[in-house]
């Protein structure tokens, strides 16, 4: 009888631990994860386009930086989400795919200008998303993780603004 009671207690405890490590399916934290994953995938895919298609070397290099940095962050998010039993999407949302398609249709200087404008808008949006999670998220792990990424996102934003400014003032060079 003790063995049955002990086994039942262990099963119940394991179920409670598994449940406590889950994030509510409609929680703000899950919405953050989905949005962050979608944005992160877009950053990588746009970076891949820029690395191939950008007219200026600086834009190509910026694209390579986005690939490297956001691939790393995307992996971290995927691992943390998996711990919380959240599956992240493997493809872009329709809205993000449309952004990708519009950039892919461009070439030359028009490509560079649109890419840098997209990077500024995307990073501003992402910083807001991460700040909201950092300040108001319910899950302490996601809050801490989001907070730790804000400085790098702000750095990317400043890099993008600087590069766009150089392009619009004609000081960019190759």
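Numbering (mature numbering (1 follows the signal peptide of the UniProt record, and there is no 0)), first residue to last: -20 to -1, 1 to 154.
For glycine and all other residues, C-beta sits at the position ideal for the given N, C-alpha and C.
Query                                                                                                                                            : Result
Checking 7 Å against the spacing of the C-beta atoms, do residue 92 and residue 35 come in under that value?                                     : yes
Using only CA atoms, which one of 109, 33, 145, 62 lies nearest to residue 19?                                                                   : 109
What did DSSP end up calling residue 15 once you bin it into helix, strand or coil?                                                              : helix
Helix, strand or coil: how does DSSP classify residue 85 here?                                                                                   : coil
Between the alpha carbons of residue 15 and residue 21, how many angstroms are there, rounded?                                                   : 10 Å
Using three-state DSSP, classify residue 55 as helix, strand or coil.                                                                            : helix
Return the chain-ordered ranges of every alpha helix (DSSP H) run that is complete within the region 21 to 72 and spans a minimum of 4 residues. : 37 to 63
Under the assumption that residue 84 contacts residue 29 (Cβ atoms under 8 Å), give the Cβ distance between them as a whole number of angstroms. : 6 Å
In the structure shown, what three-state DSSP assignment does residue 92 receive?                                                                : helix
With DSSP run on the structure shown, which of helix, strand or coil describes residue 79?                                                       : helix
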